[in-house]
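To start, the structure itself, in C-alpha cells.
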Amino acid sequence: MTDERRRIDVLLDQVADQALRDRIAAEITQITGKKKWGLNFEEHLPEGIRIPKARVRRGVRAQLRDGSDPRYWEVKRVVGGVAQLHHDGETREVPTGDLVVARVFDEPVYPGFTPLGSIERGGDKPHHLVIEGENFHALETLRYTHEGKVDLIYIDPPYNTGAGDWIYNDRYVGDADAYRHSKWLSFMQKRLELARHLLAPTGVIIVAIDDNEHHRLRVLLDEVFGEQNFLGNVVWQGGRKNNVKFIADTHDYMLFFAKDKALLSTGDAWKESRPGYDELLQAGLDAWEESGHDAAAATALLRNWRRALPADHPARAERGLNMYDQVDGHPKHAGKVYSTGDLRNPFPRPNLQYDIPHPVDGKPVKMHPNGWIWSRERMMQAIEDGIVVFAPDSTGSARQKRFLEAGSQQSVAPVFTQDRSKATRSLAAILGTNDFPFPKDVDVIARWVNIATGGQPSAVVLDFFAGTGTTAHAVLQLNATDGGHRQSIVVTNNEVGQKAATALTKAGHAAGDPEWEAEGVFEKVTLPRIQTVVTGTRRDGSKLTDPVMDADGKKIASGIPGAIGYDENVTFLKLDYLDRDDIAADDAFRQIATLLWVKAGGRGPVIAERAEAFAVPEGANYAVLFSVAEWAPFVELVNSRPEIETVYVVSDSETTYGPIVRAMRPEVSSFRLYENYLSNFEINVGGR
51 MTDERRRIDV LLDQVADQAL RDRIAAEITQ ITGKKKWGLN FEEHLPEGIR
101 IPKARVRRGV RAQLRDGSDP RYWEVKRVVG GVAQLHHDGE TREVPTGDLV
151 VARVFDEPVY PGFTPLGSIE RGGDKPHHLV IEGENFHALE TLRYTHEGKV
201 DLIYIDPPYN TGAGDWIYND RYVGDADAYR HSKWLSFMQK RLELARHLLA
251 PTGVIIVAID DNEHHRLRVL LDEVFGEQNF LGNVVWQGGR KNNVKFIADT
301 HDYMLFFAKD KALLSTGDAW KESRPGYDEL LQAGLDAWEE SGHDAAAATA
351 LLRNWRRALP ADHPARAERG LNMYDQVDGH PKHAGKVYST GDLRNPFPRP
401 NLQYDIPHPV DGKPVKMHPN GWIWSRERMM QAIEDGIVVF APDSTGSARQ
451 KRFLEAGSQQ SVAPVFTQDR SKATRSLAAI LGTNDFPFPK DVDVIARWVN
501 IATGGQPSAV VLDFFAGTGT TAHAVLQLNA TDGGHRQSIV VTNNEVGQKA
551 ATALTKAGHA AGDPEWEAEG VFEKVTLPRI QTVVTGTRRD GSKLTDPVMD
601 ADGKKIASGI PGAIGYDENV TFLKLDYLDR DDIAADDAFR QIATLLWVKA
651 GGRGPVIAER AEAFAVPEGA NYAVLFSVAE WAPFVELVNS RPEIETVYVV
701 SDSETTYGPI VRAMRPEVSS FRLYENYLSN FEINVGGR
C-alpha cells in the first residue's frame, strides 16, 4: 500500500490545479483509510436530479438535455436564449433549449409542496401523504417536517438485478456496468442516513431485498444504524420454480433494524394475532346481532360467512380454527364462537362416575364407562355457567364448550409463505389494467406494519420507495380493520420503465413532456391506485367489487377494498424546488404553505394564502402570524384555542420573536419564518 500511495502522490504532483489536487488527495485518503473488512465503495459524487420544467437562468446548474455529457455546468449568464456555461475552468455556450436544470445532491435545496388534489372522507384523521418527487430531496424535506416522528419505515428499493431495474444519475444501471454494486450502495447510503434522522427513538426500519444485494445491504445497514440495533432477517417464500438447475430463488428478505434496540426492548415483545382468529370472533358477534340474538340462526349465519371465504383464508383453512362453528346464546357468553369437546375421562375413574340430569326430561344423560373429567361440584358449576352442552334428550351425552379466545397471540416467525401472484391480480383488479407486474402484497405489508409498530393505532409509517403505493394501501387497510388513525407518507418519483422510455425516446419525447410523464409510475399506477381504493371508484367511473358482503351491503372483512372505499383523508403532493431569495424576501409563502401544514401534522385546513395580520382558521391545529405588530391579539386567540398545537411567526428578528413565543401556552411548538426553514436546508445538507 505504501508503494502504491507513493505512485499516486507522483501522479498527483502532475495536477496543476491546486484546489483539484487537494480534492483528489482527500478522496484518496478517505478511500485508503477505510476498514479492510468493512464496507468499501466509491461514493460516486455528484449524484443529482434533472428538473425538466425549471427555467434555465443565471446561477443554476444544468446538463445537456440529450445526455451526451454527464457533467453539471454552472450557468454564468443567459443572453438571447443562449447560456454561458462553466465547469472546472472550461467555458462553453449552449442554447437554453438544449439544457435542463439539474440539482446536485449535497448542495442546499429549498423545497416546497405543490398540491395535486386531495380526498377528504376521514373527518379529523391526519391526511395520508402521497408525494411525487426524488426521494433524496423528499427525505431532506421530511427531515424538516418529521425528524424523530416516524414510527416505522418500510422500503422496497430497487434490487439491482442488473436488468436495468433502477436509474442512477438519469441512466438505467445494467449488468454491464462494472460499478453497479458500488453505485447502488452509494445511492442507498445517502438515503438511509437521512432516513435514520426521521425515525422516532423507538422507530424501526424494514428493508426488503433479494440475494443480489442482501449481503452488501446488511453491512451498510450495520454501518448506518449500528449492528447492535439489528433485529432480524425475515424470509418471504413467495412461490416455487421447478425449472432451475440448482436452488430455486423464489424468496426475498426483509432486514429489520431499530433506531435504538435497547430503548425498543423496554416495550412489549412483538406478537401477532393468530391468523383468522380476530376475524372469526368478529364474525360471531356480527352473526349474533344480525340473528336477533337467536343462537341457531347466528350459527347458520356464521357457517355461511365461512363458506363464502376464499379456500385459503385462515378462518376456513387453518387447522384448529375451522372446528369453531357455533355461536353461543347463553347470557354469559352471548355471541361467542365455540366448538365442543369430550367430557369423558380418558382413564377409568370410579370416583368421577355420577349421574347428570338432562335439563329437559330430568333423566340421567349417557355417561362413558370411565366417568367424567370433572368432579360433581365443578360439573354443576359448569352447567350453571353455560359451559356444558346437552344432546336433545337424555339418550345422548354431554359435551363442554371450548371458546375461541380473543387476542390469541403468537411469537413472530422469521420465515413465512405468501404467493406473490395474488398481489399482481389484486392490483390489476383495482386499476383495470396490468401495468405493473410485480407489486408487493397488501396483506403482507399490513401484517408487518402492525407487528413492527406494536399495533399502535396512531403510528406514522413512511415508504420512500413507494412504487405502486402498496404501503399506503396497507395502512389504509389496517385502519379499516381496527379503527386506527395511522398516517402513511409515501414517496415515489414518476420514473418510466426502460422499455417505455426507449419507445418514447424513439417517438421524439423526453422527460417533462406530457406524453412521457403520463407513462410514469406515479401518474399511471400510484395516483390512480390510491384514488380508487379510497373512493371505491376507478377513473373511468366503474366501481370496485366487494368480494365479501353481508345482506346490508356492509363489508364482512373490513379491510377488503371495495365500492364503499375507505373513510380516510389523502393529499397528493409534488415536490418542487424554490428560490432562496424569494423565500427570504417573503415572496414564497404560497409555495411552502403546504409544507408548513405537513409539519404541523397534516390535519384540518391548509393556510394557503398570506393574511394581513394572522391566520387562525376554524378546524385548524396550527396558526401563522404574518404581522408581528398584531402579536397581542394573535397570542390571545392562540391561547384560547387548545387545539392549536403549532405556530409559525414571520419575523426577521430573534429579539421580536422571543417575547411572542414566551407569551404563548408552553405546549405550543413555535417556529420562526423564514429563518427556521432556510437554516434547516442549509445545515442539514446531505443528511449530516
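Quick note: to get the working numbering, add 50 to the position in the sequence shown (first position is 1).
Using N, Cα and C, we set each Cβ at its ideal position, and we do this for glycine too.
Residue i in three-state terms, based on DSSP
| i | result |
| --- | --- |
| tyrosine 727 | helix |
| isoleucine 501 | helix |
| glycine 708 | helix |
| aspartate 201 | strand |
| serine 471 | helix |
| glutamine 68 | helix |
| glycine 609 | Reliability fails at glycine 609, whose pLDDT of 48 lies under 50, so the model's placement of it is uncertain and no value is given. |
| arginine 241 | helix |
| glycine 246 | Here residue 246 is arginine; the residue named in the question, glycine, does not match the sequence. In this structure, arginine 246 counts as helix in the three-state DSSP scheme. |
| serine 592 | coil |
| threonine 316 | coil |
| serine 236 | helix |
| serine 508 | coil |
| proline 414 | strand |
| alanine 337 | helix |
| phenylalanine 639 | helix |
| valine 539 | Per the sequence shown, residue 539 should be read as isoleucine rather than valine. In the structure shown, isoleucine 539 sits in a strand (DSSP, three-state: E or B). |
| asparagine 619 | strand |
| aspartate 513 | strand |
| valine 151 | strand |
| glutamine 403 | coil |
| isoleucine 297 | coil |
| phenylalanine 466 | strand |
Cβ-based burial, residue i [other Cβ within 10 Å; buried from 16]
| i | result |
| --- | --- |
| asparagine 500 | buried |
| threonine 644 | buried |
| lysine 386 | buried |
| tyrosine 404 | exposed |
| leucine 61 | exposed |
| asparagine 619 | buried |
| lysine 175 | buried |
| histidine 178 | buried |
| histidine 136 | exposed |
| isoleucine 259 | buried |
| aspartate 67 | exposed |
| alanine 607 | Residue confidence for alanine 607 is low, a pLDDT of 45 falling below 50, so the modelled location carries little weight; the figure read from the coordinates is stated next. Answer is buried; the Cβ neighbour count reaches 16. |
CA nearest to the CA of residue i, picked from the options
| i | options | result |
| --- | --- | --- |
| glutamine 431 | Gln450, Phe486 and Arg246 | Gln450 |
| aspartate 116 | Trp566, Ala560 and Val718 | Ala560 |
| tryptophan 748 | Phe488, Asp318, Val284 and Arg230 | Any answer about residue 748 is impossible in this case: the structure gives the chain only from 51 up to 738. |
| phenylalanine 546 | Asp201, Gly669, Thr445 and Gly517 | Strictly speaking, residue 546 in this sequence is valine, with phenylalanine absent from that position. Nearest of Asp201, Gly669, Thr445 and Gly517 to valine 546, Cα basis: Gly517. |
| glutamine 378 | Pro409, Tyr194 and Gly436 | It should be pointed out that residue 378 corresponds to aspartate in this sequence rather than to glutamine. When only C-alpha atoms are compared, the closest one is Gly436. |
| serine 592 | His418, Val125, Gly482 and Gly654 | Gly482 |
| aspartate 629 | Tyr724, Trp681 and Glu567 | Tyr724 |
| proline 102 | Pro419, Glu704, Ala152 and Ala69 | Ala152 |
| glutamine 134 | Val110, Ala76, Pro692 and Glu157 | Val110 |
| tyrosine 194 | Ile642, Phe664 and Glu680 | Ile642 |
| alanine 319 | Ala463, Ile480 and Val438 | Ala463 |
| glutamine 548 | Asp532, Gln459 and Glu569 | Glu569 |
| serine 719 | Lys649, Gly519 and Arg428 | Lys649 |
| aspartate 532 | Asp617, Asp485 and Leu313 | Asp617 |
| glycine 253 | Glu243, Ala308 and Arg722 | Ala308 |
| glutamate 182 | His418, Glu732, Thr621 and Tyr698 | Thr621 |
| proline 409 | Leu594, Ser447, Ser508 and Leu402 | Ser447 |
| leucine 528 | Ser168, Leu646 and Val494 | Val494 |
N-terminal and C-terminal residue of the beta strand (DSSP E) that residue i is part of
| i | result |
| --- | --- |
| valine 655 | A small fix is needed here, since residue 655 is proline in this sequence, not valine. From DSSP, proline 655 is part of no beta strand (DSSP E); its letter is neither H nor E. |
| proline 364 | Premise fails: proline 364 lies in the alpha helix (DSSP H), 364-367, not in any beta strand (DSSP E). |
| glycine 98 | 98-101 |
| leucine 393 | Taken as a continuous stretch (DSSP letters only), leucine 393 belongs to no beta strand (DSSP E), as it is neither H nor E. |
| proline 251 | 249-259 |
| glutamine 113 | 111-114 |
| histidine 178 | 178-182 |
Residues that DSSP places opposite residue i in a beta bridge
| i | result |
| --- | --- |
| threonine 164 | Lys624 |
| alanine 665 | Val674 |
| aspartate 741 | A query on residue 741 cannot be resolved here, the shown segment of the chain reaching from 51 to 738 and no further. |
| glutamine 134 | Arg127 and Glu143 |
Where the alpha helix (DSSP H) containing residue i begins and where it ends
| i | result |
| --- | --- |
| valine 462 | First-last for valine 462: undefined, no H or E at that position. |
| valine 583 | 577-585 |
| isoleucine 433 | 426-434 |
| glutamate 686 | 681-689 |
| isoleucine 186 | Reading the sequence as shown, one finds phenylalanine at residue 186 and not isoleucine. Run containing phenylalanine 186: 185-196, per the alpha helix (DSSP H) assignment. |
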